[in-house]
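Residue 54 in this note's numbering sits at position 28 of the sequence shown, with consecutive numbering throughout.
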Amino acid sequence: MVKEGDQSVTLDLLKQKMAEFSKEREWDKFHSPRNLLLALVGEVGELSEIFQWKGEVPKGLPDWKEEERVHLGEELSDVLLYLVRLSDVCGIDLGRAALRK
């Protein structure tokens, strides 16, 4: 994987890394759009659990502990990576699609 600070992170880089990761593990046969969507929804659920009982949370998360921030970053990353992989498998250029919105 890319070490933090080595280079800029782009959607294309993430797409490439996810494709390599999947191919190395022979997971492509499992990465159908349906399966990836279900995995993405599961990760969104895990992300939701972080906020579930916190009430309103101010921008910047000023009262959060460092381990809570780290956990949030991990779950946000999981959501992003599944979304990038899903868009790649579906043949959608996610960056261009987002700019068209």
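Glycine is no exception: its CB is placed at the ideal position from the N, C-alpha and C atoms.
Indicate the three-state DSSP secondary structure (helix, strand or coil) for Pro88 in the structure shown. coil
Taking Cβ to Cβ, would you say Glu101 is nearer than 8 Å to Leu73? yes
Could you tell me the boundaries of the alpha helix (DSSP H) in which Arg122 lies? Leu120 to Arg126
Looking at the secondary structure, which residues open and close the alpha helix (DSSP H) in which Gln33 lies? Counting along the chain, Gln33 falls outside any alpha helix (DSSP H), and DSSP gives it neither H nor E.
Give a yes or no on whether the C-beta atoms belonging to Val105 and Leu66 are separated by under 8 Å. yes
Backbone CA spacing between Lys127 and Gly121 [nearest angstrom]: 10 Å
Arg51, buried or exposed, once every other Cβ within 10 Å from all chains shown has been counted against 16: Residue environment for Arg51: exposed (fewer than 16 other C-beta atoms within 10 angstroms of its C-beta).
Let's test the definition: count the other Cβ atoms within 10 Å of the Cβ of Glu75 and tell me whether it reaches 16, buried, or not, exposed. Classification of Glu75: exposed, given that the 10 Å Cβ count is below 16.
Classify Gly81 as helix, strand or coil using the three-state DSSP reduction. coil
Rounded straight-line distance, which links the Cα of Asp54 to that of Leu112: 12 Å
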